[in-house]
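Visitor: This is the structure I have questions about; it appears just below.
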Amino acid sequence: MTDKSKGAESHEHFTISYAGFNRPWATWIAHQLEQLGHETTLLRWDPPRRMSLAEALRNLLQAPGRVLLVLDDWYFSLGPRTDAEWTQALHEVVPPHVDRFSAVSVATRALPATAAPLRPVDLRDLDSREARRRILRRLDLDATISPGPVSGTAPRFPNDPPAVWNVPRRNVRFTGRDAILEKLHARFEEGGRGGARVALRGISGVGKSQIAIEYAHRFGNDYDIVWWVGARFRAPAREQFAQLAPRLELPVGQELGERIRAVHEALRTGRPFRRWLLVLDSADDMEQIEDLLPEGNGHVLITTLTQDWATSGSVTEIEVQPFRRSESVAYARRRAQRLTEYEADDLADAVQDLPLLLAQTAAWLDANVMPAKDYVAMIRRGEASQIGIRISSDYPMGFQTSWSITLNTLQENNPEAVELLHLFALFSPDAIPVRLMQAAHPSDLPAHLAALAADPIRWHTALRRLSESTAVRLDYVESSEAEPAVDRVSMHRLYHSFLLSTLTEDRREALSTIACTLLAGADPRRPNDTREWTRYAELIPHLETAGALDSREPVVRQLVLNCIDYMRVRGENRAALRLCEQTVARWRTRLQPDERDMLVLTHDHANMLRRSGRYREAEAVGRAVLDQLTETRADDDPDLLRAKNGLAGTLVSLGRYDEAHQMFEECVHAYSDTLGAEAPRTLQDRGNLAVVTSLLGRYEESLLLHRDILLIRERLLNPRHHLTLRSGMFYAWMLRLLGRYAEATSRQELNVRAHRQAMDRFTPQTLFAEHNLALCMRRTGDLLGAESLMRSVVERFVQRQGPRHPDALLVQADFATFNREHGNLEQAREMAATVAEDYARLVGPDHPYAVGTLGNVGLALWEYGERDEALRIAEEALTRMRAAVGPTHPWALGAALNASGARSMAGDEEGAAELSRGVLESARATLGETHPLTLSCKAALADDQRTLRRGQEATKLENEALQQLSDTLGPQHPHTLSVRRRERPYWDFEPLTT
């Protein structure tokens, strides 16, 4: 053999043969050799089962250069192959070619004695320096040469895990799927510096999650962060995503919104780690968790049943099919080693190569002595009924029988485990809360289950028996005890559905009572407290499965109402509406329309219809309840006042402000008399009254109302309570509308900071707080900051709720006006037109928001010089706005200011001056002498007088306007400078949040 250690000039080619399981070792070894100038080829070891081991080893000799075998347990078990086969093959092939073969071992088992000629060096439990030294010495290479600096893209040493790791345990029986894994890896690599998002799509039971787990383990050393999120339900998915913040040691508090925002920013910027993999498992409802998708150059792996991700355009898709027959046979023989190749093939055919069924059936055959041919025959004949299990016809016959046999065996050998399994079926399969069960009060469980929960050894034995049956997976959490505790159990949805179908109606009802009692016992009963939101996020996924929506128990019904209230405050409008609709359908058959819980639910239903933009439906629901209660209840009845409050909120959305104001005023008087002026219920309606007062154009009055409420809430509640923050936001909003820009900006900056610490960055209240700050920044001249923040808010609203949701339309309307003045004019015109059309469709063409946004379209045409169309729209907007809100409302005054400008542009100087003079007088009376809109009207009239060659009056008006603007806003304020440049003033319509 040539002495390869004599210098770095002698470079070689090494073929590294590895089983897929230990790819990290192969890539790390290859990198060490390449640093020394050698060439490498990676060759995955997976010879066909029908090929002899000796032939497979000889085939390795056809590869270039020397062959380095990375030996591990997986390498020896593929096939599977017996020790005798390995002994014979190694003895036959290695000695004649000992100069070509070398080996390293990371195996946990003893190697065959005939592997000795390979002289394998053991790399287990070593650090990277010693492992490198041993490999190089085994290959007769100079181990003293420095490896050089480690680059940010270098493979990680396999004994050093990623800095942040949260992935389910590896399935040591994972088989095949190498083509999909390599394809997935290639898709991620193709993303380059821009990152990549890939979805694994396939039917239930095809093995998507197992492929994702194997990918994370097999390619994990390519990353610094590998993080797993169960994404079937929105609330727990957000919690799991947020848990990455403390693992990254980000300087954030415990509030969910702050942590999620910090994680997004960390992944986007690549600080503290640039290489990351996020797995969203069971993400079947894209709308529910799409806002969790991070930006940045990392990788996102999604498992899903649907094609929605692929059609979104930002995610590529890989379809997952059942096993190839060779994979099925290999898996079955590894799981149940007594199977012959023929028996494994027969079993695979019976279960149609579906991995989930193979896992179940092979596990049963491994644990029981029934001849394989008899077991397969039972599956084919569908003889589940012979062992006492009632089967739904919806399931494939092979699945029915194999799972039934497993249940029967469990019942015989461990009835306690079956009792627990049946209770598991009444919870969501993705996160069955076993710690909640174990910690429950003994009276909340049947005596036998209470005794089981009280005995840690029996409890964990039962869980282990279930895990061994492959029906469930145990998720552990570190505890103060000697061993980690089981935190949650997950069960495949196919098994879960099947298990439910085997329960009799009486049995399911009894288990439902237990499950509902456990959930109700875990209810914090404070849905508005942000500190309890994590618990509600954990409870919500179980409501439907547990039967909580059908429960007759008042405490369970209150749990459902609290969960709806939690989602309302969080801004989870679609999820809350869906839960409302599901619950209304159930409760209508059990409760009278005027029962307290039914009235609260109906109120919530109307509320969520309104928040979803379904105003007419919300009005019909609210009006029906109010009419019903008005006939039978006193004027100060709480249920009647709640119904009146709900309907008034809907009327606000419909633009019927006067009627809504009257209703809110009646509620405030009634609550003040019965509860007191500072009672929470009174304060809520005082806040509603303040909002509708602003919509009536009475800004100063609204400001004082909001100020009083803010002071009371700051005194009675936590300063960061969401209601206190809401009052602070509205107070700053009114300051801005009154032209007190500096004070508004200062207050809103503090308010946004508190929102970000207390709430989610996608919560509508947080988004509106940020939006108001962006508008404040625009008014104070911070255009870059305003544009960046406003764009971010628009993107998040659209991403969260869709472009036509009322909240999204509101912020898009303001963003369009900003872009018209400071950004892309073409984009502004298109967005303004789209928003106006969507508002007209949503609330009708005569609604103030539809009229106002139409006027904004006219301003865009004004910028394009399309004078005739701009004039037509401006005049139409003026006429319709006056009809909608009255001639002295600030919105009507603003529309008049725009119409006077359009007339001036079109050459109607007299008409423009006449309109400007009239609107100036009205603005003085409505808003005061120094309000920005009043001063804009004065500057407009000066411009009209100048055009009519009335120089003396024009100069007087202009000087007055400039002096007043300098005194109130400052001489360098953008508004002051614009008037000094004699630019024609205009008014942007701004929809108000409610």
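Read in order, the letters of the sequence shown are residues 84 to 1077 in our numbering.
Every residue, glycine too, gets a C-beta built ideally from N, C-alpha and C.
Just so you know, these numbers come straight off a predicted model, no measurement behind them.
With burial defined as no fewer than 16 other Cβ atoms inside 10 Å of the residue's Cβ, what is the status of glycine 471: buried or exposed?
Guide: In this prediction, glycine 471 scores a pLDDT of 34, lower than 50, which makes its location untrustworthy; no coordinate-derived value is stated.
Visitor: State the CB to CB distance for the pair leucine 601 and methionine 691, rounded to an integer number of angstroms; the pair is presumed to be in contact (CB under 8 angstroms).
Guide: Contact flag wrong, Cβ pair sits at about 27 angstroms.
Visitor: Excluding the 5 residues preceding and the 5 following methionine 746 in the sequence, name in chain order all residues of the same chain whose CB lies nearer than 6 angstroms to its CB.
Guide: Closer than 6 angstroms at the Cβ level, and outside the excluded window around methionine 746, lie Lys727, Ala731.
Visitor: Could you pull out every residue in the same chain whose Cβ sits closer than 6 angstroms to the Cβ of arginine 716, ignoring the five residues on either side in sequence?
Guide: Within the same chain, arginine 716 has close Cβ partners Leu723.
Visitor: Could you check if asparagine 645 is buried or exposed, using at least 16 other CB atoms within 10 Å of its CB as the buried criterion?
Guide: Looking at its Cβ environment, which holds 16 or more other Cβ atoms inside 10 Å, asparagine 645 is buried.
Visitor: Can you tell which of Gly630, Arg556, Gln171, Met574 has the C-alpha that lies nearest to the C-alpha of glutamate 592?
Guide: Of the candidates Gly630, Arg556, Gln171, Met574, the one whose C-alpha sits nearest the C-alpha of glutamate 592 is Gly630.
Visitor: Cα separation between leucine 908 and glutamate 1004?
Guide: Taking the straight line from one Cα to the other gives about 33 angstroms.
Visitor: Would you be able to state if there are at least three C-beta pairs under 8 angstroms between the segment 289-308 and the segment 234-254?
Guide: At 8 angstroms Cβ cutoff, the stretches touch.
Visitor: Only counting the same chain, and skipping five residues up and downstream in sequence, which positions put a Cβ closer than 6 angstroms to that of leucine 866?
Guide: His905, listed in sequence order.
Visitor: Does the segment 273-291 come into contact with the segment 374-390, if we say contact requires no fewer than three beta-carbon pairs (one atom in each stretch) closer than 8 angstroms?
Guide: Result yes; three or more Cβ-Cβ pairs closer than 8 angstroms.
Visitor: In this structure, does DSSP put valine 312 in helix, strand or coil?
Guide: Strand.
Visitor: Given that a residue counts as buried once 16 or more other Cβ atoms are within 10 Å of its Cβ, and exposed if not, what is aspartate 741?
Guide: It is exposed - the Cβ of aspartate 741 has fewer than 16 other Cβ atoms within 10 Å.
Visitor: Roughly how many angstroms separate the alpha carbons of proline 802 and arginine 614, rounded to a whole number?
Guide: Straight-line Cα distance between these residues: approximately 14 angstroms.
Visitor: Write down every uninterrupted run of the alpha helix (DSSP H) in the segment 402-478 whose length is 4 residues or greater and which is fully enclosed by it, in chain order.
Guide: Segments of the alpha helix (DSSP H) lying fully in the segment 402-478: 408-418, 424-433, 438-450, 455-464.
Visitor: Report the CB separation of proline 1068 from alanine 1023 in whole angstroms; it is logged as a contact under 8 angstroms.
Guide: Their Cβ separation, rounded to whole angstroms, is 5 angstroms, which keeps proline 1068 and alanine 1023 in contact under 8 angstroms.
Visitor: For aspartate 86, does the three-state DSSP call read helix, strand or coil?
Guide: With a pLDDT of 35 at aspartate 86, under the threshold of 50, the modelled position of that residue is not reliable, and the figure given next carries that caveat. The answer is coil: DSSP assigns aspartate 86 none of H, G, I, E or B.
Visitor: Run the CB neighbour count on tyrosine 458, radius 10 Å, all protein chains shown included, and call it buried at 16 or more, exposed below.
Guide: Buried, by the Cβ-count rule.
Visitor: Following the continuous beta strand (DSSP E) through leucine 125, name the residue where it begins and the one where it ends.
Guide: From DSSP, the beta strand (DSSP E) with leucine 125 extends over 122-127.
Visitor: Classify glutamine 293 as buried or exposed, calling it buried when 16 or more other Cβ atoms lie within 10 Å of its own Cβ.
Guide: Glutamine 293 is buried by the Cβ-count criterion.
Visitor: To the nearest angstrom, how far is the alpha carbon of serine 1049 from that of glutamate 949?
Guide: Their backbone Cα atoms lie some 33 angstroms apart in a straight line.
Visitor: Following the continuous alpha helix (DSSP H) through isoleucine 956, name the residue where it begins and the one where it ends.
Guide: Segment 950-968, the alpha helix (DSSP H) holding isoleucine 956.
Visitor: Does the contact criterion of 3 or more C-beta pairs under 8 angstroms hold for the segment 1026-1042 versus the segment 987-999?
Guide: Yes: the two stretches touch, three or more of their Cβ pairs being nearer than 8 angstroms.
Visitor: Alanine 190 and aspartate 156: beta carbons closer than 8 angstroms?
Guide: Cβ distance < 8 angstroms, so alanine 190 and aspartate 156 count as in contact.
Visitor: Using only the alpha-carbon positions, how far apart do threonine 733 and threonine 962 sit?
Guide: Cα to Cα, the separation comes out at about 25 angstroms.
Visitor: What does the Cβ neighbour count give for leucine 684, buried or exposed, with the cut at 16 atoms within 10 Å?
Guide: With 16 or more other Cβ atoms within 10 Å, it is buried.
Visitor: Answer yes or no: do isoleucine 99 and isoleucine 218 have a C-beta to C-beta separation smaller than 8 angstroms?
Guide: It is not a contact, given that the beta carbons lie outside the stated cut-off.
Visitor: Hey, aspartate 335 and leucine 361 are a contact pair by Cβ (cut 8 angstroms); roughly how many whole angstroms apart?
Guide: A small fix is needed here, since residue 335 is valine in this sequence, not aspartate. About 18 angstroms separates the two Cβ atoms, so there is no contact after all.
Visitor: Mapping DSSP to helix, strand and coil, what is methionine 842?
Guide: Correct three-state label for methionine 842: coil.
Visitor: Nearest to glutamate 749 by CA position, among Gly935, Asp720, Asp527, is which residue?
Guide: Ranking Gly935, Asp720, Asp527 by Cα distance to glutamate 749 puts Asp720 first.
Visitor: Any idea which residues DSSP pairs leucine 283 with across the strands?
Guide: Looking at the DSSP assignment, leucine 283 forms a beta bridge with Thr386, Ile401.
Visitor: Using alpha carbons as the reference points, say which of Ile795, Leu1075, Pro241 lies closest to leucine 892.
Guide: With distances taken between Cα atoms, leucine 892 lies closest to Leu1075.
Visitor: Look up histidine 523 in the DSSP assignment and say whether it is helix, strand or coil.
Guide: The amino acid occupying residue 523 in the given sequence is alanine; histidine does not appear at that position. Correct three-state label for alanine 523: coil.
Visitor: Is it true that the CB of arginine 819 sits closer than 8 angstroms to the CB of leucine 858?
Guide: Yes, the pair counts as a contact, with Cβ atoms nearer than the cut-off.
Visitor: Helix, strand or coil for serine 395? Go by DSSP, reduced to three states.
Guide: Three-state DSSP puts serine 395 in coil, outside helix and strand.
Visitor: By Cβ distance below 6 angstroms, which residues in the same chain neighbour arginine 342 in space, the five residues on each side in sequence not counted?
Guide: Counting only Cβ-Cβ distances below 6 angstroms, and skipping sequence neighbours, we find Ala325, Ala328, Val335.
Visitor: So which of Leu1031, Tyr649, Val667 has the shortest CA-CA distance to proline 607?
Guide: Taking only the C-alpha atoms, the option nearest proline 607 is Tyr649.
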